[in-house]
Structure formats: structure tokens, C-alpha cells
Amino acid sequence: MINDTFYDIAIIGGGISSCVFSSFHLKNGYQGRIAIIENGRNLGGRSSTRNSISNSGWQLNHGSPNFNICNSNNNQLLKAFIQELLDSKIIQSDPSDLIELYEDPSDQKIISCDFHSCKNYTSSSSMTDLSRNIINHNNLKNQVDFFFRTLIVKLKYENNYWILTSKNGYKFKAKFLVCSSNLILHKRSLDILKINQIPLRDAIPINNDKKIDAILNLLNKQEYVQRLTFLIYTKSNYSYKDNYKNRFRYFLLNNLLEEKFKFERIIFQKQINNQIGIVIHTRDKKFITEYFQCKNKKKFKNILLNKFNQIFDENSYINKLIDYQDISIMIWRASQPSGLGIPENLQVCDKFNIAFCGDWFDLEGFGRIEGAILSALKLSYKISSLY
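First residue of the sequence shown? That's 867 in my numbering, and the numbers climb one at a time after it.
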């Protein structure tokens, strides 16, 4: 099946960098048509919101619930973009409590960390809405089409055009390709997509372009942090011990507690009906393996609950969790790049009309939303100056 619409730009991935690139490119006067092709059910990528079908009315940010901007290099593109989001009320400052937990409960204190240092922001609505609102802010002529639950498995570059084929046989044709997701560049695609060749390497054989050879080589040396998030839907009678009013409340476990309980952070999210959702993040490889190997998921959830109650035993703010409405699990195979960042000078390959953006580039904010935004802004600027 071939999509009848020809696109000037096709973007693989519907995360933050994809949405920022599209919006900023349109703001700067781009007149072409853009397709955003996303494997998930909605925009946002690792910064998305779970709208539960079985738990009606609940919205839980099961990836990044907020983001921080440092901009220590005083990048004017980034500075102006964040201010524009604030002025248009797409984002707001995040005044939430941030508390690190130590083994001694009396030793709680406000701290800084990679995800919460500098200036902290959150979406004025949900994190999925953040991505969509960023695009809608400048998509005034409806130049962007969205394709969800569409997994690209094959690329072909022919007669100066890109042909993208999805798992269900749907095909797209575009003059220019932007990869915000790097799955089709990475060796992990071989196992996930059940293929024999990395899609971009299949489209552009080795020694045809030094930049593509370099980015494929370096990217396949990059590591990723796997995470699980456990989404706990509490019962209506669950509440805080105090009168805390803000939407979010963040608890970070210090290294010793994380090693002991296997939890990285625990995020409380107040719903519209004032019920409290709880999202537990873990990056512990052994704990993740135990989850996959456990055949009795109910027993595993009880273990989860026991760990939670041990952590907050005698805590000043948080009640123990005796019962719950539901627990669901989100698996993040590659929640965050780590180690090697990709050099910025590899972002654009004009010989083959392809470019890249995402938090996996060696920019300030590497592995965070700041890096995703900055790479997208820089890419739009570079492409505008070339074409």
C-alpha cells in the first residue's frame, strides 16, 4: 500500500525533538508538507502520557513528567524557544517538591540532580499534549500529517527520493528524511524488527558517504539505559499525610537506597479528581530481569508494594499503600542514551537528503529533553541555510 501524498519532509519518530523541529521549521517560513511517522499511539516518545482505557479518567506521565533547562552556553535559539513556550502557556515553571530519600528518614532534603538541576518546567497539561501543542503553535496551515502505530522497517533511496516502508506495508515517499528516532540506525533494530541489515545501512551501503558511515559506526558504540516504570492507580481513599497541593511530587532514592530497593525515583501525580497516581522508575538490570522472568505477576506486584511501604515507613509526607486499583507496567528498551554522544557535525548529510536530531547528540542536555530540543532547533537552522 502506497500513501498517495508526497511529502517534502518525512520524520521518523514523534518525540520531543521531532515536534520541536517541525514547529520551529514552520515558524521560520517553511511551506512544504511534513509527515511525522510514529510507532506509538501518540506523540511524546519517552515524554508521553498514559491515558488508561481500563482506568477511565486517569492520566499518568509514564516517562519524563517534567524537564529541566540549564543552557549554560546561553544558546539564544534555545533561550527564545523556551520563552515562547512560557509566553504561550504551553509550559510552566514546575514548583513541585523534590526530595531525596536516605536510609535515615530524618535526613530528607531538597537536592539537585541531572534531571532536576537548573530551571525545571512541566507541560501546562499532559506531556503528550506538550508535544502536540508545540506543533500546533506553528502548524497554522495544517502542513503536518501524523501517522501513529506505524513502524518503519525499510528505507530506500532512489532517484533523489526516500521511500519508507512500514511493518504493515504502508509506503511513504519524501524528498528529505529526518530521523529523530535512531532505531533504524542502530544494531538493536536487527532483533527488534527481525531483519538482517540495519535499515539505513541497507539504503546507503558502506563507503557511499563518510558522514553516514561515521554516524552508524559511532551510534552503534552508544549505550542505552533500559527502564521499567510501574504505574500505580490508587484507590480513592489514598492521600498524602500533609496538605500538599501541587500536581507533582518527586522522590529520588540516593545510591544506597536505590541499590537496596532497586527503585530510581518515585513520582506522585495528582489527578483532576484529586486521586493520586504513583509512577515508580527502575533502571536496575537485575530487577528488570527478575520481572521478565517472573511468571506470577501478581506476586511481583506484591513485592513492589512491600518495597514501596518499606521506603516510606515513618515518612512525614507519604502514607503506606495498603491496596490499589490497578498496576500497569511500561517497558522502555532504550529510555536514555548514555556514554558516547554523536558529534553535531554529523547532523546533516546533504548528499543523500537526510538529517538527524535527538537527545543522542553531543550537545548540552545529552540524554535529556534539553538535548532533544537543542538538537532540533540547530537542525532546523542548518537545513534552512542549506535548502
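Glycine included, C-beta positions come from ideal geometry on N, C-alpha and C.
Quick caveat: nothing in here was measured; it's all calculated off a predicted structure.
query: Own chain, CB closer than 8 Å to A1221, minus 5 neighbours either side, in chain order; result: F1042, L1043, V1044, C1045, Q1213, V1214, C1215, L1245, K1248, I1249
query: Candidates E966, R912, I1188, I956: closest to N1120 by CA position; result: E966
query: C-alpha gap between G1205 and S884, whole angstroms; result: 22 Å
query: At least three beta-carbon pairs within less than 8 Å, the stretch 1104-1122 to the stretch 1152-1163; result: no
query: Paired residues, beta bridge with C984 - DSSP; result: None; C984 has no bridge partner.
query: Buried or exposed by the 16-neighbour rule on C-beta atoms within 10 Å, applied to R1199; result: exposed
query: CB-CB length for Y1183 against I1098, believed under 8 Å; result: The Cβ separation is near 16 Å, so there is no contact.
query: Exposure label - T915; buried when at least 16 CB within 10 Å; result: buried
query: Cβ distance (whole Å) where I903 is taken to contact T1031 below 8 Å; result: Not confirmed; about 11 Å, so no contact.
query: Run of the beta strand (DSSP E) containing I1220, from where it starts to where it stops; result: 1220-1222
query: H891 - containing alpha helix (DSSP H), residue span; result: 882-893
query: Span separating the alpha-carbon of I1078 from that of I1064; result: 12 Å
query: Proximity to Q1137 [Cα-Cα], best of W924, G895, T871; result: W924
query: Cβ contact check for the stretch 931-941 and the stretch 983-995: 3 or more pairs under 8 Å; result: yes
query: Cβ contact check for the stretch 1051-1069 and the stretch 1228-1236: 3 or more pairs under 8 Å; result: no
query: Beta carbon of G910 nearer than 9 Å to that of T994; result: yes
query: DSSP state of S920 mapped onto helix, strand, coil; result: coil
query: Nearest-angstrom Cα separation, counted from N1162 out to L856; result: There is simply no residue 856 to check, as the chain begins at 867 and stops at 1253 in what is shown.
query: DSSP bridge partner residues for H1147 (one or two, in chain order); result: T1095, R1131
query: Distance between beta carbons of F1096 and L1170, contact taken as under 8 Å; result: 6 Å
query: Uninterrupted beta strand (DSSP E) stretches inside the stretch 1170-1252 (no shorter than 3 residues); result: 1192-1204, 1220-1222
query: C-beta contact flag for S918 and D1179 at 9 Å; result: no
query: Boundaries (first-last residue) of the alpha helix (DSSP H) holding E950; result: 942-953
query: N- and C-terminal bounds of the beta strand (DSSP E) containing K1039; result: 1037-1045
query: D960 burial status per 10 Å Cβ neighbour count (16 or more: buried); result: buried
query: Within 9 Å, strictly: CB atoms of L951 and I1000; result: yes
query: Pick from G898, K1126, N1139, K1164 that is closest to T1148, judged by C-alpha positions; result: K1126
query: Span separating the alpha-carbon of N1109 from that of E1124; result: 27 Å
query: Bridge-paired residues (DSSP) for Q958; result: T988
query: Identity of the residue in G898, G906, F1014, Q958 nearest F1114 by Cα; result: Q958
query: Host alpha helix (DSSP H) of L996 (start-end); result: 993-1002
query: Counterpart residues of Q925 in DSSP-defined beta bridges; result: N917
query: Nearest candidate by alpha-carbon position, reference G1237, set F981, S962, L1085; result: F981
query: Contacts around N1004, its chain only, beta-carbon distance under 7 Å, and the 5 residues preceding and following it disregarded; result: S889, L892, K893
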